[in-house]
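Residues 1 to 187, numbered by the UniProt record's numbering, are exactly what the sequence shown covers, in order.
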Amino acid sequence: MIDRLIEILTITSFLELFLIFFAKIIEVSIGTLRIILINKGYRRIGVILALIEIILWVFIASRVINGIQESPMKGIMYSLGFAVGVYVGSKLEEKIAFGKVLIQTITSVASGKEIADFLRKEGYGVTIIDGRGKDETRSVLMLYSNRRGSNEVIEKIQKINPKAMVIINDVSTLSGGFISPMKSLLK
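Spelled out as structure tokens, the structure:
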């Protein structure tokens, strides 16, 4: 029994298992990025990533499928690479942070004016709408931002009013208006 287990574990070189594992991580990470980018409207980049992804998949999957009978470890490494690839792809997308967001802030009228004035001085276009809350008149601030810089905007808002309600929505299409310029591509 132990001899059979050792044989299964050692029939394939560690280099080949290592290559299957890391190639699958790369392939799935590319696939995760591709899906997110296409959903955000970056179709050209998505098509290029799809080509790379399918080339990797064909070679990795054929290597595993053709050799899984004599080495089940190939299937295990392939599966582990898939799981790790999903995680790595989502972390990469988080770092790159493609796209635009709509940031809405609901706050008191006085705080709303202060936040809007501050953000405008920082170069953001802010729209203020009067609203009615449960007990008082409120200000609703709306601004569009590159997703990449949205955390900075939230920090600025919360520095002025930690109790402000902040809502962030992804935006797939945006035309007109003002958006602060995008900084570098990578964080």
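Glycine included, every Cβ here is placed at the ideal spot set by N, Cα and C.
Around the beta carbon of V47, a 10 Å sphere encloses fewer than 16 other beta carbons of the protein chains shown; the residue is thus reported as exposed. If one requires a minimum length of 4 residues, the alpha helix (DSSP H) runs lying completely within the UniProt domain "DUF2179" (124-176) are 150-160, in chain order. By the CB criterion at 8 Å, I128 and S139 fall inside the cutoff.
In this structure, the beta-carbon distance from G85 to I25 falls below 8 Å. 8 Å or more divides the Cβ of I115 from the Cβ of I76.
When the five nearest sequence neighbours on each side are left out, the beta carbons in the same chain lying within less than 7 Å of the beta carbon of S29 are those of G85, V88, G89, L92, in order along the chain.
Within the segment 24-111, the beta strand (DSSP E) runs of at least 3 residues that lie entirely inside it are, in chain order, 100-108.
Cβ contact annotation for T105 (same chain, cutoff 6 Å, sequence separation greater than five): L141, I157, A164, V166, in chain order.
For A50, the CB contacts under 6 Å within the same chain, skipping 5 residues up- and downstream, are R34 in chain order. The three-state secondary structure of E114, taken from DSSP, is helix. In this structure, DSSP gives E122 a state outside helix and strand, which the three-state scheme calls coil. Each residue's CA atom was taken as its position, placing E27 and Y42 some 19 Å apart. By the CB criterion at 8 Å, K100 and R44 fall outside the cutoff. In this structure, K74 sits near G67, with a CB-CB distance shorter than 8 Å.
Short of 8 Å from the beta carbon of T137, and not among the five residues preceding or following it, lie these beta carbons of its own chain, in chain order: V109, D130, G131.
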